[in-house]
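Student:
Number of protein chains: 2
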Amino acid sequence: MNIGDVATRSGLPAKTIRYYEDIGLIKPHRSDNGYRCFAEADLHKLAFLGRARALGFTIEDCRMLMALYEDESRASGDVKQLALEHLSKIEAKITDLQAMRNTLTELVNCCAGDNRPECPILKDLSGQCSG
Amino acid sequence: MNIGDVATRSGLPAKTIRYYEDIGLIKPHRSDNGYRCFAEADLHKLAFLGRARALGFTIEDCRMLMALYEDESRASGDVKQLALEHLSKIEAKITDLQAMRNTLTELVNCCAGDNRPECPILKDLSGQCSG
DNA sequence: GCTTGACCTTCCCCTGACTGGAAGCTCCAT
DNA sequence: ATGGAGCTTCCAGTCAGGGGAAGGTCAAGC
Numbered sequence: 139m140n141i142g143d144v145a146t147r148s149g150l151p152a153k154t155i156r157y158y159e160d161i162g163l164i165k166p167h168r169s170d171n172g173y174r175c176f177a178e179a180d181l182h183k184l185a186f187l188g189r190a191r192a193l194g195f196t197i198e199d200c201r202m203l204m205a206l207y208e209d210e211s212r213a214s215g216d217v218k219q220l221a222l223e224h225l226s227k228i229e230a231k232i233t234d235l236q237a238m239r240n241t242l243t244e245l246v247n248c249c250a251g252d253n254r255p256e257c258p259i260l261k262d263l264s265g266q267c268s269g
Numbered sequence: 139m140n141i142g143d144v145a146t147r148s149g150l151p152a153k154t155i156r157y158y159e160d161i162g163l164i165k166p167h168r169s170d171n172g173y174r175c176f177a178e179a180d181l182h183k184l185a186f187l188g189r190a191r192a193l194g195f196t197i198e199d200c201r202m203l204m205a206l207y208e209d210e211s212r213a214s215g216d217v218k219q220l221a222l223e224h225l226s227k228i229e230a231k232i233t234d235l236q237a238m239r240n241t242l243t244e245l246v247n248c249c250a251g252d253n254r255p256e257c258p259i260l261k262d263l264s265g266q267c268s269g
């Protein structure tokens, strides 16, 4: 398979696939003409990577997950720990974003949003507490 | 005021303050020795920027918010629109992260996390649906 | 007056995970 | 032979700064 076919079948852009080769996540063979030549196993790895990335794992996490996946004597505890650490980062992000959302929602609700300059959003940002 | 004092009082790192000058968000004067020389108004702007950034606004958003803040004939509707657009991006991110969290939580709960290699997390990532 | 250390300056490279685009090669169909 | 699609590499850019080098400045202490 050439990269275009793999891109279509994996759902990843060709650019991303080249990048993954660059950083050593996959190692496709080369045809005589210099084109990358992907086997089914490469496609499978790319799909794995795509799913891990979609769950928000970093590239380095993905690298470790792939290594664990390929290590048949792995301990599932190592995978679980990786996932739990990632989960706690996600939860922290959610908490941060919810705090932003709450503040913003309140500010937006206080703002008339008309043609007048008076604006509680700007007032808050400028440090003049409106409460 | 020198940059160190402003950093302390605004809570922003000196690096960040220099960066904000670089991209034109602030324009502190210079002393004869070449040092940046900050007035209270600069400090005020930096505090504004810090709060806007803490609410997750992008730098470009901040630039517009500052312009609106300084425009006494602004319409609060413009500010509100900016805030609403930002809010909807935040909400989209929260939704994405919650989906990740839900999937990950389920996977983690299915994983024994012991010394055995059997692992539903890896199984899911590899595309073998466990359900 | 000299030194020391803290503070300031600019400059450039690095981050993560790609994306865009240029220049050039290959392949296939016409 | 030619045109266009697809492939290659390489360079630069994204966002919002962070790290650190090389060097100028200032105030205190001796």
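In the order they appear, the protein sequences are chains G and Y.
Each residue of the first sequence is one higher than the one before, counting from 139 in our numbering.
Each residue of the second sequence is one higher than the one before, counting from 139 in our numbering.
The beta carbon of each residue, even a glycine, is placed where N, CA and C say it ideally should be.
Taking a cut of 7 Å between CB atoms, which residues from the stretch 246-263 of chain G lie near chain Y?
Tutor: Flagged, chain order: Val246, Cys249, Ala250, Gly251, Asp252, Asn253, Arg254, Pro255, Glu256, Cys257, Ile259, Leu260 and Leu263.
Student: Arginine 168 of chain G bridges to which residues according to DSSP?
Tutor: DSSP output for arginine 168 of chain G lists G/Arg174 as bridge partner(s).
Student: When you compare the CB positions of aspartate 199 of chain Y and alanine 185 of chain Y, do they come within less than 9 Å of one another, or not?
Tutor: Contact flag unset, no.
Student: Determine the chain G residues that contact phenylalanine 186 of chain Y at a beta-carbon separation under 8 Å, and present them in chain order.
Tutor: Simply Leu263, Ser264 and Gly265.
Student: Flag alanine 179 of chain Y as yes if its beta-carbon sits less than 9 Å from any beta-carbon of chain G, otherwise no.
Tutor: Alanine 179 of chain Y does not count as touching chain G.
Student: Please go through the same chain and pick out, in chain order, the residues whose beta-carbon is closer than 6 Å to the beta-carbon of lysine 183 of chain Y, but skip the five residues on each side of it.
Tutor: The answer, listed in chain order, is Ile164.
Student: Return the CA-CA distance between lysine 227 of chain Y and alanine 205 of chain Y, expressed in angstroms with no decimal places.
Tutor: Taking the straight line from one Cα to the other gives about 22 Å.
Student: Can the beta-carbon of valine 144 of chain Y be found closer than 9 Å to that of aspartate 170 of chain Y?
Tutor: No.
Student: Comparing alpha-carbon positions, which option in G/Ala221, G/Ala177 and G/Thr243 lies nearest leucine 260 of chain Y?
Tutor: Selected option, being the one with the closest Cα: G/Ala221.
Student: Which residues in the same chain have their Cβ closer than 6 Å to the Cβ of methionine 139 of chain G, if we skip the five residues on either side of it in sequence?
Tutor: Same-chain partners within the cutoff: Phe176.
Student: Buried or exposed for histidine 167 of chain Y, going by 16 or more other Cβ atoms inside 10 Å?
Tutor: Exposed: under 16 other Cβ atoms inside 10 Å.
Student: Would you say glycine 194 of chain Y faces chain G, with C-beta separation under 9 Å as the test?
Tutor: Output row for glycine 194 of chain Y: interface = yes.
Student: With a cut-off of 8 Å on the beta carbons, I'd call asparagine 253 of chain Y and alanine 213 of chain G a contact; round off their distance for me.
Tutor: Indeed they touch by this definition, with Cβ atoms about 5 Å apart.
Student: I want to see whether chain G comes within less than 9 Å of serine 214 of chain Y, judged by CB atoms only; does it?
Tutor: Yes, its Cβ sits closer than 9 Å to a Cβ of chain G.
Student: For valine 144 of chain Y, go through chain G and note every residue whose CB falls closer than 7 Å to its CB, in chain order.
Tutor: Going along chain G, no residue has its Cβ under 7 Å from valine 144 of chain Y, so there is no contact; the nearest lies around 15 Å.
Student: Starting from glutamine 219 of chain Y and walking both ways along the alpha helix (DSSP H), at which residues does that stretch end?
Tutor: Segment 214-248, the alpha helix (DSSP H) holding glutamine 219 of chain Y.
Student: Expressed to the nearest angstrom, what Euclidean distance is found between the alpha-carbon atoms of threonine 241 of chain G and phenylalanine 195 of chain G?
Tutor: The alpha-carbon atoms of threonine 241 of chain G and phenylalanine 195 of chain G are separated by roughly 28 Å.
Student: Pop quiz: leucine 225 of chain Y and threonine 243 of chain G are said to be a contact at Cβ under 8 Å. What is the actual Cβ separation, rounded to whole angstroms?
Tutor: Correct: roughly 7 Å between the Cβ atoms.
Student: Along the stretch 200-211 of chain G, where does the CB come closer than 7 Å to a CB of chain Y? Name the residues.
Tutor: Those residues of the stretch 200-211 of chain G that come within reach of chain Y (Cβ to Cβ, closer than 7 Å) are Leu203, Leu206, Tyr207, Glu210 and Ser211.
Student: Could you tell me the distance, in whole angstroms, from the CA atom of glutamine 266 of chain Y to the CA atom of glutamine 236 of chain G?
Tutor: Going from the Cα of glutamine 266 of chain Y to the Cα of glutamine 236 of chain G covers about 34 Å.
Student: Relative to the alpha-carbon of glycine 162 of chain G, which residue among G/Cys257, G/Ile197 and G/Tyr173 has its alpha-carbon at the smallest distance?
Tutor: The candidate whose alpha carbon is nearest that of glycine 162 of chain G is G/Ile197.
Student: Of all the CB atoms in chain Y, is at least one closer than 9 Å to the CB of cysteine 159 of chain G?
Tutor: It is worth fixing the name first, because residue 159 of chain G is glutamate in this sequence and not cysteine. No, glutamate 159 of chain G does not count as interfacial toward chain Y.
Student: Whose CA, out of Y/Arg239, Y/Lys231, Y/Met238 and Y/Pro258, lies closest to the CA of arginine 239 of chain G?
Tutor: Measuring from the Cα of arginine 239 of chain G, the nearest candidate turns out to be Y/Lys231.
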